[in-house]
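Residue numbers (the numbering used here), protein chains in the order written: chain A, 13 to 310; chain B, 474 to 720.
Glycine residues also receive a C-beta, built at the ideal position from the N, C-alpha and C atoms.
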């Protein structure tokens, strides 16, 4: 790593709303370009973290730095772009008008035309925002996030409510920016999105960080594979089989997590030779996520 | 500096475009005052005698719409939709958001006033010395500011839907009860007393004073009341604004 300040640095960061603690003392440091996904359920503290980093909400205690500057300072704001959750742009202005206005806030923005080209807005740049589809609206918002040529781009649930094609479209544009050396901080509750896009994933649960690693490393945190099959063996018995760590009934199927698939399967087939519809899967990020973001296992 | 000015011009331009593209804003702000004036000062039989006096009060009515609706409804909506947060997160100047709205509101007020002055001069045959027209214009334009503060108070405290209803109620109540539509002396005594608490009453008294209208009035008292109400509203909006900026 070079000597430049971290893109985003949190030290014992806390944020509460009255008696409710949204962020309970988190630490992380984010360096370099790429896509950084913050995963978590509603109320995990993702949006609070972003609002604090933007200076829209005050940190309750601890330290938070945006490219070496305090959040909300002019120096920080000039290097940051954002799509806020559930936000909308004025209905009656065209996309081009909004981009032109936003470009004027920044010292070294992209040109309006460049922005339109990069975000592929050509076909609807002169339409009023009101007339756009959901996916087009989100791309227009993305254009405002990047027009200032910022180093750091926050995207708070940028694809919520979009259909799959619009979502893939957004992913491609986000990826393209990461490849240009920008840092993108993305919150999402779509695991698929984090898995597809992120170079690094941070999982938050009830205001604390429960994991912070690359998608592959996070998957490794949950050992073993999942055996799925239809069997007569009862749950109680399945749990006694060697290597098995958990058993879940999913309809007529049983899902058995095992650290030693070969041994477990041997024993299962001995107990139930009629066992059918057998599949064995590597753990998905989703499994890790639900394990980490539910109980206090972490 | 140049960049800030450039940004401010674009910001004001955006406000004007939004306003001109919204018929639901244009009608009550530009159409209604002149329509009411035409009805009460030109068309109704015998109304012509008081055409000049009504110009003073309808001028106050004309500047009220752009300020209360422009600030009340639009600020509340823009807060609701996260647009204001997006601007505050961007390196835009905080004052340019309000400044651009003040600018475009004054422009709208001016258009509304010019329409009503033309109706008075050519439709109702109101003849005044040029200096009186100029003084009246000043009073009417300055009257915009207390209404801007009322609009901001609504915009910073209400949700978008509530702001729509509340702005309309306040707009109509201030106009009717402040004596902007029908001269105050035709009101029962209790309502005249109540009108003392409304900025519209005092502002129309000031406009009538500038016009040299008949009747006794205590202009210093009117000015003081408007000043105190404005200061109260200013404090209220400043608190609401600082709450908006730091949760």
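Shown here, residue 201 of chain A sits in coil according to DSSP, grouped into three states, outside any helix or strand. When only Cα atoms are considered, residue 475 of chain B and residue 119 of chain A end up about 11 Å apart. Those residues of the stretch 550–578 of chain B placed with their C-beta closer than 7 Å to a C-beta in chain A are 554, 555, 556, 558, 559, 561, 562, 563, 564 and 565, ordered along the chain.
In the DSSP assignment, residue 530 of chain B falls within the unbroken alpha helix (DSSP H) covering 524–540. 101, 102, 104, 105, 109, 112, 113, 114 and 116: these are the residues of the stretch 101–116 of chain A whose beta carbon lies less than 7 Å from some beta carbon of chain B, given in chain order. For residue 143 of chain A, the nearest beta carbon of chain B is not closer than 7 Å to its own beta carbon. Across the stretch 56–81 of chain A, CB contacts with chain B closer than 9 Å involve 63, 66, 67, 68, 69 and 70, in sequence order along the chain. Sixteen is the threshold: when 16 or more other Cβ atoms of the shown chains lie within 10 Å of the Cβ of residue 215 of chain A, as they do, the residue is buried.
Beyond the five residues adjoining it in sequence on each side, residue 253 of chain A comes within less than 7 Å, by CB distance, of 276, 279 and 280 in the same chain, given in chain order. For residue 171 of chain A, there is no enclosing alpha helix (DSSP H), since its DSSP letter is neither H nor E.
Shown here, residue 38 of chain A sits in a strand according to DSSP, grouped into three states. Close partners of residue 690 of chain B in chain A (Cβ separation under 9 Å) are lacking, with about 43 Å as the shortest Cβ gap.
The C-alpha of residue 21 of chain A is placed about 5 Å away from the C-alpha of residue 77 of chain A. Secondary structure within the stretch 265–290 of chain A: the alpha helix (DSSP H) runs of 4 or more consecutive residues, fully enclosed, are 273–283 (chain order). Separation of the CB atoms of residue 610 of chain B and residue 586 of chain B is rounded to 7 Å, and the pair is thereby assigned contact status at 8 Å. The alpha carbon of residue 527 of chain B has as its nearest neighbour, out of B/539, B/640 and B/507, the alpha carbon of B/507.
For a Cβ distance threshold of 7 Å, residue set 116 of chain A lies close to residue 479 of chain B, ordered along the chain.
For residue 132 of chain A, the three-state secondary structure derived from DSSP is coil.
For residue 46 of chain A, the enclosing beta strand (DSSP E) stretches over residues 46–51.
Comparing alpha carbon positions, the residue from A/264, A/97, A/40 and A/108 closest to residue 126 of chain A is A/108. The beta carbon of residue 543 of chain B sits closer than 6 Å to those of 578, all from its chain and outside the five residues before and after it, given in chain order. Spanning the alpha carbons of residue 633 of chain B and residue 260 of chain A requires a straight line of approximately 47 Å.
Of A/69, A/19, A/247 and A/42, the smallest CA-CA separation from residue 35 of chain A is found for A/69. Taking residue 574 of chain B as the centre and dropping the five residues before and after it, the same chain places the C-beta of 488, 543 and 544 closer than 7 Å to its C-beta, in chain order. Annotation: residue 636 of chain B has no Cβ neighbours in chain A at a cutoff of 8 Å; minimum Cβ distance is about 16 Å. For the pair of segments examined, the stretch 154–169 of chain A was found to touch the stretch 191–210 of chain A: the number of CB pairs separated by less than 8 Å reaches three. Within the DSSP bridge table, the entry for residue 140 of chain A names A/106 as partners. Under the three-state reduction of DSSP output, residue 245 of chain A falls in the coil class, being neither helix nor strand. Note on the stretch 57–88 of chain A: whole beta strand (DSSP E) runs with a minimum of 3 residues are 73–78, in chain order. Residue 501 of chain B and residue 212 of chain A have their alpha carbons spaced roughly 54 Å apart. Pairing residue 560 of chain B with residue 670 of chain B, the inter-Cα distance amounts to about 36 Å. By the Cβ rule, the stretch 214–230 of chain A counts as touching the stretch 46–55 of chain A, because three or more pairs are nearer than 8 Å.
For residue 24 of chain A, the enclosing beta strand (DSSP E) stretches over residues 20–29. Membership of residue 476 of chain B in the alpha helix (DSSP H) is indicated by the continuous run 475–493. At a cut-off of 7 Å between C-beta atoms, residue 483 of chain B counts as an interface residue with respect to chain A. For residue 487 of chain B, the residues of chain A that pass the 7 Å Cβ criterion are 105, 109 and 113, in the order they occur in the chain.
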